[in-house]
Every structure is written in structure tokens, then in C-alpha cells.
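Asker: Numbering (the numbering used here), first residue to last: 29 to 377.
Sharing a structure below in C-alpha cells format, with a few things to ask.
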């Protein structure tokens with residue numbers, strides 16, 4: 029085996045880049061804090077999603093006539109199809125949680141400040157891509173819940189001033205939802221979003237390697253902070269966390285199978301859709317802006333929210349990174365968190 033690896037290394041030089049990756053020094057404060065493993069865990073969950081999604085693609089029929097039947101077959105007839113679909117379902121929610129925790133850790137450690145502004149912006153884009161996975165995947169079973177939730181979602185896009193109608197028709201592939209809508213959502217879900225995710229993650233890793241992890245908020249002692257090698261010391265920690273999460277996904281798929289509602293009925297206008305939990309706060313927000321005020325909830329507030337995330341590194345330019353010494357940004361963060369939690373709870377009621 030060693031001879032084979034030496035032969036391969038002589039012709040490719042693969043050991044050099046591998047040593048740079050696996051011998052990367054990890055600061056001691058990051059090694060002992062699970063929040064610093066959220067980025068790696070997000071990549072593991074993406075691989076889980078790619079594998080389970082590819083397995084389901086073998087049996088999925090992306091057409092209004094065949095989509096529901098193919099998902100029903102996977103869920104109730106295909107051996108272990110329920111498990112693959114269940115893991116895919118719960119890993120989607122886990123990705124949202126992990127990317128939020130990743131951004132939370134970045135904020136708490138002030139890792140969005142110079143020279144890591146681009147690293148923060150890439151994280152915000154990862155959040156958008158992750159929730160887009162959920163939105164585009166919701167329609168694919170072509171059941172009542174997914175169909176009508178997508179109907180509402182595309183109508184929200186249609187309420188954007190000036191470009192709303194064009195945006196809605198672009199998403200649907202026409203005035204009404206049908207085969208063009210399902211094909212577009214399937215293509216975006218299976219091709220465009222995974223490609224964008226991988227490109228953004230590679231950029232994120234390159235920026236992290238260039239600037240390193242943010243130092244500890246509070247230093248103890250003098251001299252440089254101790255480090256541990258990524259391999260094998262820190263990798264063992266991250267592998268253990270990933271294993272626990274994967275086991276949790278399998279258990280969740282067993283205890284609470286992925287939902288499948290009745291087949292979509294475009295004529296049933298009485299159906300009241302409920303979005304996935306990570307969209308509940310947004311749907312609840314829209315109930316406070318009826319009629320002519322709709323654009324405030326659909327456009328103004330979301331733009332303000334994501335705009336503030338994008339501008340954060342350029343507004344908070346002080347060297348101070350400790351959150352308890354940043355009353356304005358910390359208060360805004362608490363306000364955002366409380367608002368999202370309250371709206372989510374009210375939306376689930």
C-alpha cells in the first residue's frame with residue numbers, strides 16, 4: 029500500500045496539498061468549543077443530502093402526473109426508501125440550524141471584522157442557499173402541502189414592486205403552476221443550488237485558510253496561544269460530532285418519518301398550507317401587513333434584515349470583538365433573535 033501511495037504521489041504531488049490541509053494548526057480555544065465545528069458539520073450534512081438526494085433521484089419522476097406516485101413508492105414500498113427520504117428530510121432542517129449556529133459563532137467572536145469581512149458575507153450567502161434548498165425541495169413531492177405552500181411563496185415573489193409579475197412567472201415557468209414549475213424547481217434543487225453551495229464553500233475555506241480563525245475573546249496568560257494539529261487531534265472531535273448528528277438523523281427518520289400529504293389538487297382552494305418551521309416566522313410576519321401594506325412584509329423588512337447582515341462588517345468597524353462591549357450591535361442581535369423566535373411560535377400556533 030505504501031509503495032502504491034508513493035507511486036501515486038510521485039506522479040501527482042498530492043501529499044503536499046494534503047499535508048497543508050491536515051496539518052493546519054487549530055487554536056486551543058477553537059479545539060475545545062463545539063461551535064467551531066459547525067462549518068465542518070455543515071459540509072458533512074451537505075454530503076448526506078447529496079447522497080440521499082441522488083438515491084431518491086433514481087426513482088423520482090419530475091412531472092405532475094408521476095412525482096407524487098414516485099415519492100409515495102419510495103416512502104411506502106421501496107425497501108429503506110422511507111429511511112433515505114427521512115434522513116434527507118431531517119438533514120435539511122439540521123442544515124438550517126447548523127448554518128445559523130455557524131453565523132452565530134462568527135458574530136459572537138467578532139469574526140466578521142477586518143480582515144474577515146468577505147468570510148462573513150460568504151456565510152450570509154450560505155444561509156440564503158440553505159433555505160433555498162428547503163424552498164425548492166418543498167414542491168417536489170407534489171402533495172397538497174408542497175403545492176399550496178409554493179403557490180403562496182411564488183405569490184409573495186409576485187408582490188415585489190415593479191418586477192413582481194416577471195419574477196413570479198420566472199419561478200413558475202408561466203402564469204400558473206404546472207410541469208414547467210416542477211421542472212424548474214427540480215433543476216434548481218438538484219443542479220444550481222448544489223453547484224453554488226460547493227463554490228461558496230470552497231471560497232469560504234480559502235478565506236479561512238488565508239486569515240485563520242478569530243483569536244479567543246479573552247486571552248489567558250502570555251505568549252502565543254497553544255494550537256493542536258487538525259489531523260488527527262481536531263479531526264477526531266469533528267468526526268465524533270458528525271457521527272452523533274448522523275445517528276440522530278437516522279433515529280429521527282425512524283421516530284418521525286418524512287411527511288407526505290395527499291396528492292396536490294390545484295382546484296382545492298380551501299387548503300391552508302403550513303410552511304416548514306424555518307419559514308414560519310416569515311409567513312407569520314406577512315399576516316401583519318395585509319392589502320396595500322403587503323410590500324412592507326414581503327420586500328422592505330427582508331431587505332432590511334439581510335441588508336443589515338451584509339453591512340454589519342462595514343458598520344461595526346471598531347477593533348472591539350467582545351459582544352458585551354458592543355451594546356448597539358448586541359442589542360440589535362437580541363432584538364432580531366427575539367423577533368424570529370416570537371414570530372415562529374405564533375406562526376406554529
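Glycine is no exception: its CB is placed at the ideal position from the N, C-alpha and C atoms.
Between which residues of its own chain and residue 212 is the CB-CB distance below 6 Å, once the five residues before and five after are set aside?
Answerer: Residue numbering aside, residue 212 sits at position 184 when the chain shown is read from its first letter. If we look at residue 212 and ignore the five residues flanking it on each side, its Cβ neighbours are 201.
Asker: Looking only at DSSP bridge pairs, what is residue 381 linked to?
Answerer: Nothing about residue 381 can be reported from this structure: the residues present for the chain run from 29 to 377 only.
Asker: Does the count of Cβ pairs from the region 82–98 and the region 208–224 closer than 8 Å reach three?
Answerer: yes
Asker: Since residue 254 and residue 56 are thought to touch, with beta carbons under 8 Å apart, how far apart are those beta carbons, to the nearest angstrom?
Answerer: Taking the first residue of the chain shown as 1, we reach residue 254 at position 226. Taking the first residue of the chain shown as 1, we reach residue 56 at position 28. That belief holds up - the Cβ atoms of residue 254 and residue 56 are roughly 4 Å apart, short of 8 Å.
Asker: Have a look at residue 300 and residue 312 and give me their C-alpha separation to the nearest angstrom.
Answerer: As a position in the chain shown, residue 300 is number 272, starting the count at 1. As a position in the chain shown, residue 312 is number 284, starting the count at 1. Each residue's Cα considered, the two are about 13 Å apart.
Asker: How many whole angstroms separate the CB atoms of residue 288 and residue 99, which I take to be in contact at a CB cut-off of 8 Å?
Answerer: By one-based count along the chain shown, residue 288 stands at place 260. By one-based count along the chain shown, residue 99 stands at place 71. Indeed, because the Cβ distance is near 6 Å, the residues count as touching under 8 Å.
Asker: Note down the Cα distance separating residue 42 from residue 36, rounded to an integer number of angstroms.
Answerer: Locating residue 42 in the chain shown gives position 14, where the first residue counts as 1. Locating residue 36 in the chain shown gives position 8, where the first residue counts as 1. Residue 42 and residue 36 have their C-alpha atoms roughly 8 Å apart.
Asker: I need the DSSP call for residue 6, collapsed to helix, strand or coil.
Answerer: No statement about residue 6 is possible, as the shown extent of the chain runs from 29 to 377 and does not include it.
Asker: If you follow the beta strand (DSSP E) that residue 54 is part of, which residue opens it and which one closes it?
Answerer: Translated into the one-based positions of the chain shown, residue 54 becomes position 26. Element bounds for residue 54: 53–55.
Asker: For the alpha helix (DSSP H) holding residue 222, just list the boundary residues, first then last.
Answerer: Locating residue 222 in the chain shown gives position 194, counting from the first residue. Run containing residue 222: 221–239, per the alpha helix (DSSP H) assignment.
Asker: Whole angstroms are fine: how far does the CA of residue 129 sit from the CA of residue 337?
Answerer: Along the chain shown, read from residue 1 onward, the residue named residue 337 stands at position 309. Along the chain shown, read from residue 1 onward, the residue named residue 129 stands at position 101. Cα to Cα, the separation comes out at about 15 Å.
Asker: On the three-state DSSP scale, how would you describe residue 76?
Answerer: Position 48 of the chain shown holds residue 76. In the structure shown, residue 76 sits in a helix (DSSP, three-state: H, G or I).
Asker: Taking the alpha helix (DSSP H) that residue 164 belongs to, which residues open and close that run?
Answerer: Mapped onto the chain shown, residue 164 falls at position 136. Start and end: 145–166.
Asker: Report the three-state DSSP secondary structure of residue 315 (helix, strand or coil).
Answerer: Taking the first residue of the chain shown as position 1, residue 315 is located at position 287. DSSP places residue 315 in the coil class of the three-state scheme, outside both helix and strand.
Asker: According to the Cβ coordinates, are residue 228 and residue 154 closer than 7 Å?
Answerer: Reading the chain shown from its first residue, position 200 is the one you call residue 228. Reading the chain shown from its first residue, position 126 is the one you call residue 154. Yes; because the gap between Cβ atoms is below 7 Å, this pair is in contact.
Asker: May I ask you to list the residues that DSSP assigns as paired with residue 257?
Answerer: Residue 257 sits at position 229 when you count from the first residue of the chain shown. Note: residue 257 sits in a beta bridge opposite 53.
Asker: Would DSSP call residue 96 helix, strand or coil?
Answerer: As a first step, residue 96 is located in the chain shown; it is residue number 68 there, counting from the start. It is helical.
Asker: Apply the 10 Å Cβ neighbour rule to residue 237 and answer buried if 16 or more other Cβ atoms are within range, or exposed otherwise.
Answerer: What you label residue 237 is simply residue 209 of the chain shown in a count that begins at 1. It is exposed - the Cβ of residue 237 has fewer than 16 other Cβ atoms within 10 Å.
Asker: When you compare the CB positions of residue 242 and residue 360, do they come within less than 7 Å of one another, or not?
Answerer: In the chain shown, residue 242 corresponds to position 214, counting from 1. In the chain shown, residue 360 corresponds to position 332, counting from 1. No. Outside cutoff.
Asker: Assign residue 199 to one of three DSSP states: helix, strand, or coil.
Answerer: Mapped onto the chain shown, residue 199 falls at position 171. The answer is helix: DSSP assigns residue 199 an H, G or I state.
Asker: When you compare the region 172–181 with the region 360–371, are there three or more beta-carbon pairs, one atom per stretch, that lie closer than 8 Å?
Answerer: They do not touch, by the three-pair rule.
Asker: Give, in chain order, every unbroken run of the alpha helix (DSSP H) that is at least 4 residues long and sits entirely within the region 105–145.
Answerer: 109–136
Asker: For the candidate residues 179, 114, 193, whose alpha-carbon lies nearest to that of residue 297?
Answerer: The count along the chain shown starts at 1 and reaches residue 297 at position 269. If we check each option's Cα against that of residue 297, 179 comes out closest.
Asker: Among the residues of its own chain, which have a CB less than 6 Å from the CB of residue 164, if the five just before and after it don't count?
Answerer: Along the chain shown, one-based indexing puts residue 164 at 136. 213, 216, 217, listed in sequence order.
Asker: Is the beta carbon of residue 114 less than 7 Å from the beta carbon of residue 286?
Answerer: By 1-based counting over the chain shown, the position of residue 114 is 86. By 1-based counting over the chain shown, the position of residue 286 is 258. Contact flag set, yes.
Asker: In terms of residues, what are the limits of the alpha helix (DSSP H) holding residue 282?
Answerer: Here residue 282 refers to the residue found at position 254 when the chain shown is read from its first residue. Counting along the chain, the alpha helix (DSSP H) containing residue 282 begins and ends at 263–283.
Asker: Skipping 5 residues on each side, what residues in its chain have a beta carbon closer than 8 Å to that of residue 102?
Answerer: Here residue 102 corresponds to residue number 74 of the chain shown, with the count starting at 1. Once the five neighbours on either side are set aside, the close Cβ partners of residue 102 are 84, 87, 88, 109, 110, 112, 113.
Asker: Is residue 324 closer than 7 Å to residue 332 when the C-beta atoms are compared?
Answerer: Counting from 1 along the chain shown, the entry for residue 332 is found at position 304. Counting from 1 along the chain shown, the entry for residue 324 is found at position 296. Not closer than 7 Å, so no.
Asker: So is residue 291 in contact with chain D if we call contact Cβ pairs under 7 Å?
Answerer: In the structure shown, chain D does not exist; there is a single protein chain.
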